Amino acid sequence: MGLNNLIEFKGTKKGIIIQMDGDVSFAQIIEALNVKLETSRNFFKGAKVIGTEGRNLVVKEESILAEIFSKEFGMLVTSMKPYAPPKREEQKKTAPVVKAFDGLEEGLTKFVRGTLRSGRSVEFEGNVVVLGDINPGAEVIAHGNIAVFGSLRGVAHAGAGGNESAWVVAQRLQPTQLRIGSLITRSPDEDGGPTSPEIAYVKDKHIMIEPYL
Amino acid sequence: MGEVIVITSGKGGVGKTTTTANIGAGLAKLGNKVVVIDADIGLRNLDVVLGLENRIVYDIVDVVNETCRLKQALIKDKRFDGLYLLPAAQTKDKDAVSPEQMVKLTNDLKETHDYVIVDCPAGIERGFRNAIAGADRAVVVTTPEISAVRDADRIIGLLEAAELNDPRLIVNRIRLDMVKRGDMMNIEDMTDILAIDLMGVVPDDEHVVISTNRGEPAVNNETAISGQAFMDIAKRITGEEVPFMDLEQQDGFFDKIMKLFSFSK
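Here the protein sequences come in this chain order: A and B. Take 1405 as the starting number for the first sequence in my numbering and just add one per residue. Take 991 as the starting number for the second sequence in my numbering and just add one per residue.
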């Protein structure tokens, strides 16, 4: 018959895993265990039970079996839960190297349609094109270039990831503050404002502004 | 079915309450059934400006808490036939009402009135959210000052995000003499940044101070230029096309004399 196969003690480096048949009744498991007891009562004395396999046990069944293992077999029961091998140690992740965005000629670009009103903020790890104005109080933070088909009156930060080759262009360049990479500048205080499109870029560690087109 | 219009600005002190009172009174004068709601709970002013302060028994918080029926809280203005006020509470604050309650309230009032005008408090927090909750359209009030325009821009962004599209602009307290000197923003500068349609321009007028203190809306004063401007705005709300007042003609007496002697530019 194969009563022996209904319950097996599997030995591992860490201890004994109790393997059981999941299809038969619990009573049959107990019967099989008793048969095992007759032949190998002392064989497993002192061995550690580290878990079970192959059968879902309810708490009552767990404690019945645990009692038999410890009292009859003299085993040390540390767990009656389904055995789960410990996770392999996670490979240490090296800190990712932050590369400044380098798609200034050809790269990921976000298009924003409409005017950015005060309070809005657009952040993107690439170039940003705004088809509208950037009002004072609004900001665009791009890792790449910024192009504005309208008036730039808010804050624009190009090359936000550290690439100082990024540029900012606008039909009316009148930002409250302009940043490229880690450099910051603002509009000159004289009134009037620009009359033609302008581009801002970094040269010799300064932000230069000149007419464009 | 009436319309719910919220009068908002972001910035405080630009004239929302004055506008609400005058537009409400103006619309009533044109024969409409109007209710003006003060949504500035804790800092109520609409009742004072309308001169109805000492007739308040119940307020908006009583209504949403069902301490009284809506009709009991509405105060009928005896000077303007068809004008009612739903006052705010003074002893509570803006957490006493929720946006959902405001929606229900304005929906109820829409059934029985042609226009429901909501006076929005300053700011962008709970009070603002309450006031815009049930609105069909929005009117943004600003003065020709850079700080007011900044705040108006923010508010317009929030209105658009709340799907109250196409808000209209009222420029309040403009002083043409200062604009001519270049000391004050002109209308084009403002519409350039704000990019919404202009609904009205109200010149700075001493009469507003006088009328507020008396509790008499300026629209009732035939000689007040601000009253005329508010009346024009009320007409535009009903869909009537009213040309913008030529403020040049409102030169003071002294200016007229100067012009006579060609001393002014």
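For each residue, glycine too, the CB sits at the ideal point set by N, CA and C. Being a predicted model, the structure only gives us computed values, none of them experimental.
Using a Cβ-Cβ cutoff of less than 6 Å, which residues in the same chain neighbour LEU1017 of chain B once the five nearest sequence positions on both sides are dropped?
Leaving aside the five residues that flank LEU1017 of chain B on each side, the residues in its chain whose CB is nearer than 6 Å to its CB run, in chain order, VAL1024, TYR1105 and ALA1224.
Out of B:LEU1033, B:PRO1077, B:LYS1066 and B:HIS1103, which has the shortest C-alpha to C-alpha gap to ASP1052 of chain B?
The candidate whose alpha carbon is nearest that of ASP1052 of chain B is B:PRO1077.
Buried or exposed by the 16-neighbour rule on C-beta atoms within 10 Å, applied to HIS1547 of chain A:
By the 10 Å Cβ count, HIS1547 of chain A comes out buried.
Could you check the C-alpha separation between VAL1198 of chain B and MET1221 of chain B for me, to the nearest Å?
Rounded to the nearest angstrom, the two C-alpha atoms are 14 Å apart.
Where PRO1540 of chain A falls, given that 16 or more other Cβ within 10 Å makes a residue buried
Buried: at least 16 other Cβ atoms inside 10 Å.
Check for me: the beta strand (DSSP E) holding LEU1461 of chain A runs from which residue to which?
Going by DSSP, LEU1461 of chain A is part of no beta strand (DSSP E) at all; its letter is neither H nor E.
In chain order, what residues of the stretch 1513-1532 of chain A put their CB closer than 8 Å to some CB of chain B?
Of all residues in the stretch 1513-1532 of chain A, only THR1519, ARG1521, SER1522, GLY1523 and ARG1524 come within less than 8 Å of chain B when Cβ atoms are compared, listed by chain position.
Does the beta carbon of VAL1004 of chain B come closer than 7 Å to any beta carbon on chain A?
So no, VAL1004 of chain B is outside the interface.
In chain A, which residues lie less than 7 Å from GLY1147 of chain B when you measure between Cβ atoms?
What GLY1147 of chain B touches in chain A: ARG1521, SER1522, GLY1523 and ARG1524.
Have a look at LYS1066 of chain B and VAL1026 of chain B and give me their C-alpha separation to the nearest angstrom.
So the alpha carbons of these two residues sit roughly 11 Å apart.
Could you tell me which residues DSSP puts in a beta bridge with ASN1162 of chain B?
Bridge partners of ASN1162 of chain B: B:VAL1192.
Please report the residue range of the alpha helix (DSSP H) in which ARG1119 of chain B lies.
Start and end: 1116-1122.
Mapping DSSP to helix, strand and coil, what is SER1555 of chain A?
The answer is strand: DSSP assigns SER1555 of chain A an E or B state.
Below 6 Å CB to CB, which residues in the same chain sit around ILE1545 of chain A once its five sequence neighbours on both sides are set aside?
Take ILE1545 of chain A, set aside five residues on each side of it, and the residues of its chain with a beta-carbon closer than 6 Å to its own are GLU1527, HIS1561 and ALA1564, in chain order.
Roughly how far, in whole angstroms, is the beta-carbon of GLY1450 of chain A from the beta-carbon of LEU1480 of chain A, given that I think they are within contact range, below 8 Å?
Rounded to whole angstroms, the Cβ separation of GLY1450 of chain A and LEU1480 of chain A is 7 Å, and the two are in contact under 8 Å.
Kindly indicate if chain A contains any beta-carbon less than 7 Å away from that of ARG1165 of chain B.
At a cut-off of 7 Å between C-beta atoms, ARG1165 of chain B does not count as an interface residue with respect to chain A.
Can you list, in chain order, the residues of its chain with a C-beta nearer than 6 Å to that of ARG1583 of chain A? Leave out the 5 residues immediately preceding and following it.
Once the five neighbours on either side are set aside, the close Cβ partners of ARG1583 of chain A are HIS1561.
ILE1146 of chain B to LYS1061 of chain B span [Cα, whole Å]:
Straight across, the Cα-Cα distance linking ILE1146 of chain B with LYS1061 of chain B is about 33 Å.
Quick one: does ARG1144 of chain B have its CB under 7 Å from some CB of chain A?
It does; some Cβ of chain A falls within 7 Å.
So, helix, strand or coil for GLY1415 of chain A, using DSSP?
GLY1415 of chain A sits in a strand when the DSSP states are folded into three classes.
Tell me, please, whether the CB atom of ARG1127 of chain B is closer than 7 Å to any CB atom in chain A?
No Cβ of chain A is located within less than 7 Å of the beta carbon of ARG1127 of chain B.
Is there a Cβ of chain B sitting closer than 7 Å to that of ASN1549 of chain A, yes or no?
ASN1549 of chain A does not count as touching chain B.
From this set, A:GLU1442, A:ALA1488 and A:THR1443, which residue's C-alpha is nearest ILE1624 of chain A's C-alpha?
Outside the shown range of chain A, which is 1405 to 1617, sits residue 1624 of chain A, and nothing can be said about it.
Within a Cβ cutoff of 6 Å, which residues of the same chain sit near SER1474 of chain A, ignoring the five residues on either side of it in sequence?
Around SER1474 of chain A: VAL1481.
Since ILE1183 of chain B meets chain A, which of its residues come closer than 8 Å, beta carbon to beta carbon?
Per Cβ cutoff of 8 Å: ASP1537, ASN1539, PRO1540 and ARG1557.
Roughly how many whole angstroms lie between the Cα atoms of GLU1212 of chain B and ILE1177 of chain B?
Rounded to the nearest whole angstrom, the C-alpha separation of GLU1212 of chain B and ILE1177 of chain B is 26 Å.
Give the DSSP-derived three-state secondary structure of ILE1227 of chain B in the structure shown.
Correct three-state label for ILE1227 of chain B: helix.
Against chain A, with Cβ distances strictly below 7 Å, would ARG1140 of chain B count as a contact?
Proximity of ARG1140 of chain B to chain A, defined by a Cβ-Cβ separation below 7 Å, is satisfied.
Under 6 Å Cβ to Cβ from GLU1543 of chain A, same chain only, skipping five residues before and after it: list those, please.
The answer, listed in chain order, is SER1525, GLY1558 and VAL1559.
What ranges does the beta strand (DSSP E) occupy inside the stretch 1055-1129 of chain B, keeping only unbroken runs of at least 3 residues that lie completely in it?
With a minimum length of 3 residues, the continuous beta strand (DSSP E) runs that stay inside the stretch 1055-1129 of chain B are 1073-1076 and 1105-1109.
Alpha carbon to alpha carbon, how far is ASP1425 of chain A from ALA1667 of chain A? Give it in angstroms, no decimals.
Any property of residue 1667 of chain A remains undetermined from this structure, which presents chain A solely from 1405 to 1617.
GLN1218 of chain B: buried (16+ other C-beta within 10 angstroms of its C-beta) or exposed?
Flag for GLN1218 of chain B reads buried.
Indicate the three-state DSSP secondary structure (helix, strand or coil) for ASN1203 of chain B in the structure shown.
It is helical.
Between LEU1556 of chain A and ALA1574 of chain A, which are expected to be in contact by the criterion C-beta below 8 Å, what is the C-beta distance as a whole number of angstroms?
So it is a contact: roughly 4 Å between Cβ atoms.
Using CA coordinates, which residue listed in A:VAL1532, A:THR1443 and A:SER1522 is at the minimum distance from LEU1512 of chain A?
Comparing Cα positions, the closest option is A:VAL1532.
Under 8 Å: do the stretch 1143-1159 of chain B and the stretch 1101-1121 of chain B share three or more Cβ pairs, one atom per stretch?
Flag = yes, the stretch 1143-1159 of chain B and the stretch 1101-1121 of chain B touch.
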